[in-house]
Amino acid sequence: MKFSFRISAGLTVCCIVLLSRLLTSKEERDKNTSNRDLLVVTKAAEILKEDEVVEAEIAEAKEIIHEQKFEPFNQTNPHQDSYCPKAVCNNSPLCQPCKKRFLFIVATGRSGSTTLLHMLNYLPNVRLSGENKNELFIASNLQKNLQTSGRFESDKKNSGDAWIHNAIPTQALACPMQQIMSTINPPPHELLMELNQPGNPSYEDYEASLIIGAKMIRIQAGGWGAMTAVAYFKENFPCSRFIVNYRSDTDGQVKSELKAGWKPNENKQKLIQYNQFLLKFAELMGPKTAQVVDMNEWVKDVSILNDVVKWLGFKECRFKALLHENYDRYESDNTVLDLGPQCQYPHD
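Under the numbering used here, the sequence shown is numbered contiguously, ending at residue 1039.
Right, dumping it as structure tokens:
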């Protein structure tokens, strides 16, 4: 449908008549005025008719737009072509579970996870926090408490007894779970003061423009198996990716724990069990959602981490060196990393 701006028909008639009379002699004007004016009026009528058609087309378009009602329940995935193509998104007015993107580093202790945390925070539009004492496992129990009661099934209204409540849309509890993560990993306070102000983005829109998350070394130590953990994250953090980091040299890991002053309750066999959990977690998540890295390999070859950055969807971002966090027990590395002037995340 083509739309064009045009001079009003009345003004067009005036202009054509005036030009016509200026460009002809007086005798010709006297002789041909009636014929020429008739042609001009005919042309003006054609313009008016065309204007009416355009106006009718505009009115029809407005009516079509008006008739396209908002669908309160759908499965639209805003990041289907980029970050989470396989995510299941059951949207409702209560929750759009795929709106926010998450990145989690899951690992065991003394496996270089803090180094990964600080290096990945150099990426644009990424905000990752540190340990949270297995808070998401605790949160999963809040959800489990409702789901196992048999009285809070999704999309099912409960009426007529003391447990009365309206139907809870499928996956609506994902947003409270995500809000826990957002709350314990908020933007800087000075930025929070600016959000929701006139001319600035809202908090929700700002968070949706980022990839947020955390590094966690305790999800394998909770009271769930790898399959249960995967099911929880797929339902409540459907637009997520996971870097599964482990240390294949468990002997060296045990020595590092002892040197750091840890209690000797995580012996070698326990670490092997934790690694098995993490590798099974990655397998169940699948290669588009989880990437496995071995600290004993990436500390010798930074290109392994650059491959992870590329897998995440970043463009022109390359680490040239490694940080070394928590060396000599808990010392920090103050090296400033440069990922290149063209480093970017090209997806909204």
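Cβ atoms here follow ideal geometry from the backbone N, Cα and C, with glycine treated the same way.
Considering Asp-942, what are the terminal residues of the alpha helix (DSSP H) in which it resides? Sequence index remark: in the sequence shown, residue 942 carries index 251 (1-based). Unbroken alpha helix (DSSP H) run through Asp-942: 941-950.
In whole angstroms, what separates the C-alpha of Ser-1023 from that of His-1015? Here the question's residue 1023 lines up with position 332 in the sequence shown. Here the question's residue 1015 lines up with position 324 in the sequence shown. Looking at the two C-alpha atoms, the distance is approximately 7 Å.
How should Glu-881 be labelled, buried or exposed, when 16 other C-beta atoms within 10 angstroms of its C-beta is the threshold for buried? The count along the sequence shown starts at 1 and reaches residue 881 at position 190. By the 10 Å Cβ count, Glu-881 comes out exposed.
Helix or strand or just coil, what does DSSP make of Asp-985? Along the sequence shown, one-based indexing puts residue 985 at 294. Of the three classes helix, strand and coil, the one that applies to Asp-985 here is strand, per DSSP.
Per DSSP, the bridge partner or partners of Asn-849: Start at 1 with the first residue of the sequence shown, and residue 849 comes out as number 158. Partner(s): His-856.
Using a Cβ-Cβ cutoff of less than 8 Å, which residues in the same chain neighbour Met-810 once the five nearest sequence positions on both sides are dropped? Against the sequence shown, residue 810 aligns to sequence position 119. Counting only Cβ-Cβ distances below 8 Å, and skipping sequence neighbours, we find Leu-996, Phe-1010, Leu-1013, Leu-1014 and Leu-1028.
Per-residue burial, Trp-953 [other beta carbons within 10 Å of its own, 16 or more giving buried]: Position 262 of the sequence shown holds residue 953. That one is exposed.
Tyr-937: first and last residue of the uninterrupted alpha helix (DSSP H) it sits in: Position 246 of the sequence shown, counting from 1, holds the residue named residue 937. Here Tyr-937 belongs to no alpha helix (DSSP H); instead the beta strand (DSSP E) covers 931-937.
Can you find a C-beta in chain C that's less than 9 Å from the C-beta of Ala-853? In the structure shown, chain C cannot be found, because there is only a single protein chain.
So, are the CB atoms of Phe-972 and Leu-814 less than 9 Å apart? As a first step, residue 972 is located in the sequence shown; it is residue number 281 there, counting from the start. As a first step, residue 814 is located in the sequence shown; it is residue number 123 there, counting from the start. For Phe-972 and Leu-814, no; Cβs fall outside 9 Å.
Please state if the CB of Gln-862 and the CB of Asn-768 are separated by a distance shorter than 9 Å. Locating residue 768 in the sequence shown gives position 77, where the first residue counts as 1. Locating residue 862 in the sequence shown gives position 171, where the first residue counts as 1. With respect to Gln-862, Asn-768 sits apart: the two C-beta atoms are not nearer than 9 Å.
Under 9 Å between C-beta atoms of Ile-910 and Asn-825: What you label residue 910 is simply residue 219 of the sequence shown in a count that begins at 1. What you label residue 825 is simply residue 134 of the sequence shown in a count that begins at 1. It is a contact, given that the beta carbons lie within the stated cut-off.
At which residues does the alpha helix (DSSP H) containing Leu-975 begin and terminate? Working through the sequence shown from its first residue, we reach residue 975 at position 284. Here the alpha helix (DSSP H) through Leu-975 covers 959-976.
Does the beta-carbon of Ala-917 have 16 or more other beta-carbons within 10 angstroms, so that it is buried, or is it exposed? For the purposes of this step, residue 917 is taken as the residue at position 226 of the sequence shown. When all chains shown are included, Ala-917 counts as buried.
Is Gln-888 near Leu-864, with beta carbons less than 9 Å apart? The residue given as residue 888 occupies position 197 in the sequence shown. The residue given as residue 864 occupies position 173 in the sequence shown. Contact flag unset, no.
Who are Gln-1035's beta bridge partners in DSSP? Start at 1 with the first residue of the sequence shown, and residue 1035 comes out as number 344. The partner list for Gln-1035 (beta bridge, DSSP) reads Lys-1006.
Around the Cβ of Phe-933, are there at least 16 other Cβ atoms within 10 angstroms (buried) or fewer (exposed)? As a first step, residue 933 is located in the sequence shown; it is residue number 242 there, counting from the start. Phe-933 comes out buried.
Quick one: any contact between the segment 788-807 and the segment 893-904, if contact means 3 or more CB pairs under 8 Å? yes
Could you please give me the residues that DSSP links to Ser-994 through a beta bridge? Counting from 1 along the sequence shown, the entry for residue 994 is found at position 303. Bridge pairing for Ser-994: absent [DSSP].
Check whether the segment 932-947 touches the segment 850-858, counting contact only when three or more Cβ pairs, one atom from each stretch, lie closer than 8 Å. Touching, no.
Going by DSSP, what residue range makes up the beta strand (DSSP E) through Val-921? For the purposes of this step, residue 921 is taken as the residue at position 230 of the sequence shown. First-last for Val-921: 917-927, but that is the alpha helix (DSSP H), not the beta strand (DSSP E).
From Gly-803 to Gln-967, what distance separates their C-alpha atoms? In the sequence shown, counting from the first residue as 1, residue 803 sits at position 112. In the sequence shown, counting from the first residue as 1, residue 967 sits at position 276. In a straight line, the C-alpha of Gly-803 is about 18 Å away from that of Gln-967.
Confirm, please, whether the CB-CB distance from Lys-906 to Ile-829 is below 9 Å. Within the sequence shown, the letter at position 138 stands for residue 829. Within the sequence shown, the letter at position 215 stands for residue 906. Contact: no.
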